[in-house]
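Just below is one structure, and these are the notes that go with it.
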Amino acid sequence: MIELTSDALSYAQEHGAEYVEVRGETTEFLDLLVEDRGVVHSIGGIYNGVGIRTFYGSGRGYSSTSFITKTSIERAVEESVRMARASNFNATKVKPIEGRVENVKAPMKQDPRELDSQDKVKEVLALARAASKVTSAKLTRLHYLELYEDRTLATNYGLRLRSIKPSVYVSIEAYGDDWQLIYEDGYVGGWEVFKQIRKDVDEFYEQLVFSSTDAEAESVVLSPRAASNFLIDDVLPQYVFPSESSYDRFPLPNLEVLDDPTRESGYGYMPFDDEGVKAEPIQLVASGKVERKLTTRELDDYGGRARAQDFIHEPGPANSNTRVVSIEKTSMPKDFYYVPFTYSLGSFNSGEVIWLYSPLTVVYKGGAPVGRKALRLGIDLSKVKVTGIEGEPKGFGCLRKFGGGLIPIAEESDALLVEGGTVD
Amino acid sequence: MPFSWRGEPLTEDQLESAAEMAVFDAEKLGAREAEAYASSIRGLRAEVVDGYLHYSSIFNEVGVGIRIVEDGATGFSFTNSLTKKDIRDAVERAFHLCKSSRPDFPPATLPKSLGKNQIGDSYDPRIAKINVESVVNLAKEIVDGIMEVDKKHELHARGSVRSVELIRAVDTAGAGIVTESVTMLQGLARATLRSDPLSSWSEWDGVRVGSLDGASEGSTAAENCLSLKNASKLADKPGPMLLDKQALASIMSVAWRVFDASWGGHLELGHQIGQPFLSIYDDEVAPNGISSRGFDDEGLKTGLIRLVESGTVTTLLTNYRWAQKLKLNPTASAYRYGDRPFTASPQIGPTNISIKGDNEDLGEMLKGTRGGIHVIDARNVKLIGKMLTFSAFPAFEISNTGEDSSPVRPVDISIPIEQFFKRIIAVESGKKEYPGVSASAVALSSSRGARVGVP
Chain Y
1 MIELTSDALS YAQEHGAEYV EVRGETTEFL DLLVEDRGVV HSIGGIYNGV GIRTFYGSGR
61 GYSSTSFITK TSIERAVEES VRMARASNFN ATKVKPIEGR VENVKAPMKQ DPRELDSQDK
121 VKEVLALARA ASKVTSAKLT RLHYLELYED RTLATNYGLR LRSIKPSVYV SIEAYGDDWQ
181 LIYEDGYVGG WEVFKQIRKD VDEFYEQLVF SSTDAEAESV VLSPRAASNF LIDDVLPQYV
241 FPSESSYDRF PLPNLEVLDD PTRESGYGYM PFDDEGVKAE PIQLVASGKV ERKLTTRELD
301 DYGGRARAQD FIHEPGPANS NTRVVSIEKT SMPKDFYYVP FTYSLGSFNS GEVIWLYSPL
361 TVVYKGGAPV GRKALRLGID LSKVKVTGIE GEPKGFGCLR KFGGGLIPIA EESDALLVEG
421 GTVD
Chain G
425 MPFSWRGEPL TEDQLESAAE MAVFDAEKLG AREAEAYASS IRGLRAEVVD GYLHYSSIFN
485 EVGVGIRIVE DGATGFSFTN SLTKKDIRDA VERAFHLCKS SRPDFPPATL PKSLGKNQIG
545 DSYDPRIAKI NVESVVNLAK EIVDGIMEVD KKHELHARGS VRSVELIRAV DTAGAGIVTE
605 SVTMLQGLAR ATLRSDPLSS WSEWDGVRVG SLDGASEGST AAENCLSLKN ASKLADKPGP
665 MLLDKQALAS IMSVAWRVFD ASWGGHLELG HQIGQPFLSI YDDEVAPNGI SSRGFDDEGL
725 KTGLIRLVES GTVTTLLTNY RWAQKLKLNP TASAYRYGDR PFTASPQIGP TNISIKGDNE
785 DLGEMLKGTR GGIHVIDARN VKLIGKMLTF SAFPAFEISN TGEDSSPVRP VDISIPIEQF
845 FKRIIAVESG KKEYPGVSAS AVALSSSRGA RVGVP
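So the protein lines, in turn, are chains Y and G. Position 276 of the first sequence, counted from 1, bears residue number 276 in this note's numbering, the numbering being contiguous throughout. Position 227 of the second sequence, counted from 1, bears residue number 651 in this note's numbering, the numbering being contiguous throughout.
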């Protein structure tokens, strides 16, 4: 792959590209679909490919191929250069990054690829059985995904970066009268990630072993995981990613948001981004204001938050190790919905109202749990008050599947109390 | 200068050879049942913003997926390298995974014979000849269409076009081999008000296949967007709702799941879901259909699927596996999703859903739904459990005389999916087909009972 990327760089320069980035990728992949009786479906494979981005004046072109032959790559280079010559994106000129060589391998204690496959299946199956106990569903289905991504980035200005990133992801779905996603998590690392997920799932479900109830409550407590889902999926994108309609005022003034891929202990540790920019922490939100935006080098001179889904796609802005911290804390109410996990139904009404779905909500009355219910929750950002909760532990937030890979985007965030402004 | 992107070395014959090689290797290993799915996708994308070519890209994805079934259990693997060694490695991986899996119930098997319908003539021949230059020009035409209407420069204009050529081959041991090549074109026109702080909603998207009229897409987008400048907030107001073709297409792109045999919440056969005039079809070989294809992704011959007739559910969409599980006839609805379909085992998917009804025209339907809203598009369509939710936008109030009047801000709708079909009181069978849904519009009797969110 490294030889092919070098050949592609030379070929692109011969064809007149001013600045060329070549991305090479090899990803190993194992996907198991498990029900309580066993692995019902399994997929294993390897794919690799090359993406070529070229800049010419204020134009750019992108071309990719997974057909790894000299001819095919040369063809992709030619197409990329032609498109760069023909395009113009707001007259921005991306300046080359100075050359350097760096190799990064994300920490991994135990390589899941080296595990005995029968042992692995046994462990995954045990997790599926544990999950099935907490639901009243007819069928619990667990999805185990294991990835090993090996990426290189090379430019004609001497940049040679290589990053190796293993990751593990688990989702659990319950099928009864209808379908519900009831757990989803995963992050960068090896088999130890699966063990951590197993521990989290056990703890997570311990909180949820209640019969169903019709009881109602006024306020809502979002666990750190749910708070991260809510903020990172639905609220932050309108504010921290550049767009034609982004705002400067942040509607939840009690919250501060920091994005920090440099934290080595964080699951989203990325010393450089997918354009080769060295990472630095960014305070995104403070005192009710959007302080900085997450950008790539096509969007401003700094960039630093470029993430490419895979070699087919150009890098776009993404967050990493994002922490949500409340500057104001309040005590836990007596009557509330406890939302341990949620997923987005989208933001309606021009982003003022965020709709969430919480399949496993615990209802608390007088400080004690009285039962469980599924909740569809609308949070009106123009009316809601959101604060942290005194004494509640911080926790890991969410992680998103991003194309073939996984991007950790939140950690050590506060649990949040949501008062007023909720509609259902 | 036109960009040539054709003439790549890969051909249908080469894909066939790769698939045959995989099946041969599997049989040599002792597999009783084996299937290979080989695909080559070449895609072009171009985006023009305010007159400039902002973005263009090409991708080229090739590979083969191998499914092995042994004693009712399944193993699947893939590779995007078509060398003999890499294909053999993938076959061995699939075999190994198959041995680690439990037998499904009833035991899994693969199709015993494959077949193919001819759909070649149903595609607009211009699409089959499209190249980078024509994709870029089409995106420019969309933007020109927006700018032509937008004399005062009140709009951001964006046109995106994507063309995908897919060649695929399915080879199943002892059942035969089928190959096909199709090309698809999608366009999106997006006009956004520069002055509106809520402009993320002030857009209009269009998707067309088989039509290269970018200027018309652009001007429609611009007209819809400009009409929203003074959109009023609508009070909580239950009432009838007229869903226009694009709204219906957006909703059905999600709501089809109720006919998916593999979905936990699917409808039951024989269930009355609508009034007697209502029929819903999935025409896999529709001329100019967005997803027309001669065989499904397991190699089964496609055709017209009658999902609902006289308001009653008559068929569920199945792939071969789910047809076995539910003891139904396979509908050839196997789909391998994504830009790398060879990496995926077959799921279930619709092709060209059409809703047929009592042939009312739009004017009559507007009169029949006066006092309600005329919904041009539906955003954020989701099916959560059996609840269908979407945001109706753009939308217009329908006056008491049965005409569109002032535009309204987004209206959030949440309605049980069965109620959605039950409340259809009229369907316009429009002359102009719309991708995904060929009826032009449906009217819902009332959104009463549906929760209207916060406007």
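No residue lacks a Cβ here, since even glycine has one placed at the ideal position from N, Cα and C. Quick caveat: nothing in here was measured; it's all calculated off a predicted structure.
Asked	Found
Under 8 Å, Cβ to Cβ, is there at least one residue of chain G near Y:Arg-337?	Note on identity: in this sequence residue 337 of chain Y is Tyr, with Arg being the wrong assignment. Answer no: the Cβ-Cβ gap between Y:Tyr-337 and chain G never drops below 8 Å.
Quick check: is the beta carbon of Y:Asn-48 nearer than 8 Å to any beta carbon in chain G?	yes
Using only alpha-carbon positions, find the residue among G:Ala-639, G:Lys-751, G:Leu-612, G:Arg-582 that is nearest to G:Lys-618.	Position check: residue 618 of chain G holds Arg in this sequence, whereas Lys was assumed. The shortest Cα separation from G:Arg-618 among G:Ala-639, G:Lys-751, G:Leu-612, G:Arg-582 belongs to G:Arg-582.
Any contact between the region 451-462 of chain G and the region 49-60 of chain Y? By contact I mean 3 or more CB pairs, one from each, below 8 Å.	no
What is the rounded straight-line gap between the Cα of Y:Ala-12 and the Cα of Y:Val-50?	13 Å
Verify the CB distance criterion: does Y:His-143 have a CB-CB separation below 8 Å to chain G?	no
Just to confirm the assignment: which complete beta strand (DSSP E) runs, minimum length 3, are found wholly within the region 161-206 of chain Y?	179-188
Please tell me whether Y:Glu-328 and Y:Gly-304 are closer than 8 Å, where the distance is taken between their beta carbons.	no
Of all the CB atoms in chain G, is at least one closer than 8 Å to the CB of Y:Ala-8?	no
Which full runs of the beta strand (DSSP E) of 3+ residues lie inside the region 476-520 of chain G, going along the chain?	476-494, 497-503
So within the region 758-822 of chain G, which uninterrupted beta strand (DSSP E) runs reach at least 3 residues, ignoring any that extend past its ends?	777-780, 797-799, 802-808, 811-816, 819-822
Which of the three DSSP states, helix, strand or coil, is assigned to Y:Phe-250?	coil
For the beta strand (DSSP E) containing Y:Asn-48, list its first residue and its last residue.	38-56
Which residue spans inside the region 79-136 of chain Y form an unbroken beta strand (DSSP E) run of at least 3?	101-105
From the DSSP output, which residues share a beta bridge with G:Ile-591?	G:Ser-464, G:Ser-605
Under a three-way DSSP split, which group does Y:Glu-14 fall into?	helix
Under 8 Å, Cβ to Cβ, is there at least one residue of chain Y near G:Phe-483?	yes
Ordered along the chain, which non-local residues of its own chain (more than five positions away) have a Cβ less than 8 Å from that of Y:Leu-208?	Val-134, Pro-340, Leu-360, Val-362, Arg-372
Any beta carbon of chain G sitting closer than 8 Å to that of Y:Leu-345?	yes
Opposite Y:Ser-19 in the DSSP bridges: which residues?	Contrary to the premise, residue 19 of chain Y reads as Tyr rather than Ser in this sequence. BP columns for Y:Tyr-19 point to Y:Phe-55.
Bridge partners for Y:Gly-346 per DSSP, in chain order?	Y:Trp-355
Hey, could you find the ends of the beta strand (DSSP E) Y:Gln-283 is sitting in?	282-286
For G:Ile-729, which residues in chain Y fall below 7 Å Cβ to Cβ?	Here the premise fails: no neighbours, minimum Cβ distance about 23 Å.
Output the residue ranges of the beta strand (DSSP E) runs that lie fully inside the region 695-755 of chain G and measure 3 residues or longer, sorted by chain position.	703-707, 728-733
Residues of the region 485-515 of chain G with a CB closer than 7 Å to any CB of chain Y: list them in chain order, please.	Glu-485, Val-486, Gly-487, Thr-498, Gly-499, Phe-500, Ser-501, Phe-502, Thr-503, Asn-504, Ser-505, Ala-514
So what does DSSP say about Y:Tyr-157, is it helix, strand or coil?	coil
Below 8 Å on C-beta distance, what does Y:Ala-76 contact in chain G?	Ile-482, Asn-484
According to the neighbour-count rule (16 or more other Cβ atoms, all chains shown, within 10 Å of its Cβ), is Y:Ser-331 buried or exposed?	exposed
Any Cβ of chain G within less than 8 Å of the Cβ of Y:Thr-65?	yes
Enumerate in chain order the residues of its own chain whose CB-to-CB distance from G:Ala-563 is below 8 Å, with the five nearest sequence positions on each side excluded.	Ala-470, Glu-471, Val-472, Leu-477, Gly-583, Ser-584, Val-585, Gly-611, Gly-638
Given G:Ile-729, which residues of its chain have a CB within under 6 Å of its CB, disregarding the five upstream and five downstream residues?	Asp-706, Thr-739, Thr-755
Ignore the nearest five residues each way along the sequence and tell me which others in G:Leu-691's own chain have a CB closer than 8 Å to its CB.	Val-682, Phe-683, Ile-697, Val-737, Leu-740, Glu-842
Please tell me whether Y:Glu-79 has its Cβ less than 8 Å away from any Cβ of chain G.	yes
Quick check on Y:Gly-24: does DSSP put it in helix, strand or coil?	strand
Using DSSP with H/G/I as helix, E/B as strand and the rest coil, what is Y:Glu-216?	coil
Report, in whole angstroms, the separation of the C-beta atoms of G:Glu-852 and G:Glu-784, which I expect to be a contact under 8 Å.	6 Å
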